[in-house]
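K.L.:
The numbering of the sequence shown is numbering that gives the first Met the number 0, which starts it at 0 and goes up by one. The structure that follows is given in the form of structure tokens.
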Amino acid sequence: MGIPSFYKYIKNAYKDGIGLSNTCPNNVKRLYLDFNGIIHTCKEPVLSENGTEKDIIDAVLKYVEHMVLTINPSELLFIAVDGVAPRAKMEQQRKRRYKSCQDAALEPKKEESPKKKKWDSNAITPGTRFMSNMDRELYKSKYLKELSNKISIIISNSSSPGEGEQKIFRHIRSTDDDDNDDINVIHGLDADLFMLSLLALPKQIYLYREFDLKPSYVCISTLANRLKTRDKIMYTKDYVLMSFLMGNDFIPKLYALNLRQNALDIVLDLYEKLNEKLVVKNKIQKKTLLNILKEISKKEDELVKNRAETTVYKKLVKHGHSPQERFHHWPDYHRNLEIEINFGNPGWRERYYKIACEIDNLEENYHIVENMCKEYVNGLAWNFDYYTSKDPVKYCDQSWYYPYIHAPLLEDIVKYLENNDIKTPKSKKQYTSLEQLAIVLPPQSRFLLPCSWRSYVLHEKKQYPWRFKLDPIGCIFRWECAPILPQFNEDFLKVLKENCELTVHEEKRKKKHNDFLLTNDS
């Protein structure tokens, strides 16, 4: 998912300067498919027709064929299925999966809506029987086997560790430097693909996605040139790091910096005035980051007040009051916490930490804020390593994650940075796909877990809550609201390992595999 609203932001900010086209570039050499997005796209029409899991898989394979015929790569098709993710991503997946179960139960349906077959989309997670079947059908695909006589096909399936987009860029980085003129097309327009593509320059990359069945291509080199016309000394790595301040899959956004209110432009303007590099030899320059954050923190009261005025105190005139609209715009009907915080007015900082972060007596418990700042700042460094590393699975800490719902305030981050260094988290801990399932799945999805684990999950009600509240602070739509969940105690993974036996098939599903070159004989 990446940075929320980023695609809309660059379309509005740079208009025609992002190389947006409805026409496929000529002479595409390599086509990369960020595969899980395709599964999610294909399942909806199948389920609306009461189709089966097999029908979903068939629809996905047909879509792959459609993509190959549309793009016509001359050398390679690379299929990147999400494997085991780092713990930071699992934290986001856990929140999404819990909320998807709650939303499925609570979302009001239109009377005329046809009944859809119930199918747990949380099955689209590494380690499930569905993903194992999906992997197998990719290898068995008659179309792909015949295609392998013409071009190379690499399948990085769900048992190969790493997110799909990271697998794609691991391969792109490994291609010869003299191939910079070769055209690569990547299926997907998530913000993390924009950032990874910018970091892969001077490789020629186009991002592809269909909107309302119409193809859309974004030329990354054109976008990069457009960024340089805004600021001639702009360094790509600096831009990517500054974009992290808007929030992404791994760290929350700062309340003062809202992309919808052009916060990235505010940061870029300050960067331009400072005229200092933010990243040198792949290391964040603390002095430059501190200078940028200091300048923004001077406007923090004004920025949070402006944001509150446009979201918290707006009149409910932009949408109606039907059950469906009330559901999707849920935060607009639950602004009492933000009204109580009273952003930008005297005492709002103490109220923010008390109400949003549940920190009573700020002076006495300021060590919690300091830890929030530490995790946030070190999280920026982890993010940067994760996006720039040759192989994040090998070289990035797989166990780090940001343990809070909200970010600290700018004033406190500045205070922390003035007295502490930025440290990149380091750990060699790895997870299996079944451990990932135990971490991210809610109790409603327990049937996707190994059989012997299910009763344990049912008994661990504190760890696996059936009911929970949503946090509306800083959100416009319900999908943005984070569920308030207890922290997952990873000691429970040891309990499962020591007390539960796995079947032969379950043992197979947790094994790791390398990328696979498909041939007609395989």
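We put the CB at the ideal spot given by N, CA and C, even for glycine. Predicted model, so just to flag it, every value in this text is computed and none were measured.
Go through its chain and collect everything with a Cβ distance to M130's Cβ below 6 Å, but skip five positions before and after it.
P.N.:
Result list for M130: S157, in chain order.
K.L.:
Classify F129 as helix, strand or coil using the three-state DSSP reduction.
P.N.:
Note: F129 maps to helix in three-state DSSP.
K.L.:
At the level of alpha carbons, what is the spacing between Y415 and D359?
P.N.:
Roughly 20 Å separates the two Cα atoms.
K.L.:
For I340, decide whether its Cβ has a neighbour in chain D, counting only Cβ atoms nearer than 8 Å.
P.N.:
In the structure shown, chain D does not exist; there is a single protein chain.
K.L.:
I'd like to know whether the C-beta atoms of I56 and M133 end up nearer to each other than 8 Å.
P.N.:
Cβ distance < 8 Å, so I56 and M133 count as in contact.
K.L.:
So, do the stretch 56–76 and the stretch 21–32 have three or more beta carbon pairs nearer to each other than 8 Å?
P.N.:
Yes, they touch.
K.L.:
So if DSSP puts P214 in a beta bridge, which residue, or which two residues, is it bridged to?
P.N.:
E209, per the DSSP bridge assignment.
K.L.:
Return the chain-ordered list of same chain residues with a C-beta closer than 6 Å to the C-beta of V184, the five sequence neighbours on each side being excluded.
P.N.:
Hits under 6 Å: V27, L30, I70, Y205, Y207.
K.L.:
Please give me, in chain order, every unbroken run of the alpha helix (DSSP H) with length at least 4 that falls completely inside the stretch 156–183.
P.N.:
Counting whole runs of 4 or more residues, the stretch 156–183 contains the alpha helix (DSSP H) stretches 163–173.
K.L.:
When the Cα atoms are used, what is the spatial distance from K88 to D248?
P.N.:
Spanning the two alpha carbons is a distance of roughly 7 Å.
K.L.:
Classify K252 as helix, strand or coil using the three-state DSSP reduction.
P.N.:
If DSSP states are grouped into helix, strand and coil, K252 belongs with coil.
K.L.:
My assumption, with CB atoms under 8 Å, is that P330 sits in contact with C100. Please give the rounded CB distance.
P.N.:
Actually they do not touch by this definition, with Cβ atoms about 20 Å apart.
K.L.:
Leaving out five residues on either side along the sequence, give the residues of the same chain with a beta carbon under 6 Å from the beta carbon of S296.
P.N.:
So the list reads L409, E410, V413, once near-sequence residues are dropped.
K.L.:
Looking at A437: is its Cβ nearer than 8 Å to the Cβ of L495?
P.N.:
Closer than 8 Å, so yes.
K.L.:
What is the C-beta distance between I152 and L517, in whole angstroms, given that I count them as a contact (C-beta under 8 Å)?
P.N.:
Sure, about 4 Å apart at Cβ, within 8 Å.
K.L.:
Please identify the residue among I171, A380, H39 whose C-alpha is closest to the C-alpha of V279.
P.N.:
The option with the nearest alpha carbon to V279 is A380.
K.L.:
Go to S303, then tell me how far its alpha helix (DSSP H) extends in each direction, as first and last residue.
P.N.:
The sequence shown places Val at residue 303, rather than the Ser named in the question. From DSSP, the alpha helix (DSSP H) with V303 extends over 299–310.
K.L.:
Can the beta-carbon of R508 be found closer than 8 Å to that of S432?
P.N.:
Yes; because the gap between Cβ atoms is below 8 Å, this pair is in contact.
K.L.:
Between the Cα of K98 and the Cα atoms of P85, N121, A79, D81, which residue gives the shortest distance?
P.N.:
Nearest C-alpha to K98: N121.
K.L.:
So what's L198 in DSSP terms, helix, strand or just coil?
P.N.:
In the structure shown, L198 sits in a helix (DSSP, three-state: H, G or I).
K.L.:
Let me know the secondary structure DSSP gives V266 once reduced to three states.
P.N.:
Helix at V266.
K.L.:
Which residue's Cα is closest to the Cα of Y270: Y142, M241, L484, I78?
P.N.:
Cα-wise, what sits closest to Y270 is M241.
K.L.:
Within this structure, are the beta carbons of Y238 and L222 separated by less than 8 Å?
P.N.:
Taking 8 Å as the Cβ cut-off, Y238 and L222 do not qualify as a contacting pair.
K.L.:
Can you check DSSP and say which residues form a bridge with H413?
P.N.:
The sequence shown places Val at residue 413, rather than the His named in the question. Answer is none; V413 lacks a bridge partner.
K.L.:
If we count the other Cβ atoms within 10 Å of its Cβ and call it buried at 16 or more, is T387 buried or exposed?
P.N.:
Result: buried.
K.L.:
For A79 and F342, what's the separation of their Cα atoms in angstroms?
P.N.:
In a straight line, the C-alpha of A79 is about 43 Å away from that of F342.
K.L.:
Measure the C-alpha to C-alpha separation of R135 and F515 and round it to an integer number of angstroms.
P.N.:
One C-alpha to the other measures close to 12 Å.
K.L.:
Could you pull the start and end residues of the beta strand (DSSP E) that R29 belongs to?
P.N.:
R29 -> beta strand (DSSP E) spans 27–33.
K.L.:
For A481, which residues does DSSP report across the bridge?
P.N.:
BP columns for A481 point to D470.
K.L.:
Can we say the stretch 385–405 touches the stretch 448–467, given the rule of at least three CB pairs closer than 8 Å?
P.N.:
No, the stretch 385–405 does not touch the stretch 448–467.
K.L.:
Taking the beta strand (DSSP E) that F487 falls in, what are its first and last residues?
P.N.:
Note, F487: premise wrong, no beta strand (DSSP E); not H, not E.
K.L.:
Report all residues from its chain with a CB closer than 6 Å to the CB of Y8; omit the five preceding and five following residues, and keep chain order.
P.N.:
Answer for Y8: L258, listed in chain order.
K.L.:
Which term fits W478, buried or exposed, when burial requires 16 or more other beta carbons within 10 angstroms of its beta carbon?
P.N.:
Exposed, since its Cβ has fewer than 16 Cβ neighbours within 10 Å.
K.L.:
Using the C-alpha atoms, what's the distance from K276 back to M245?
P.N.:
Distance between the alpha carbons of M245 and K276: 19 Å.
K.L.:
Whole-angstrom Cβ separation of H186 and L32, contact assumed at under 8 Å?
P.N.:
With 8 Å as the limit, H186 and L32 qualify as a contact, their Cβ atoms being about 5 Å apart.
K.L.:
So R96 and P441 are in contact, right, with Cβ under 8 Å, and what is the actual spacing, rounded?
P.N.:
Yes, R96 and P441 are in contact; Cβ-Cβ is about 6 Å, under 8 Å.
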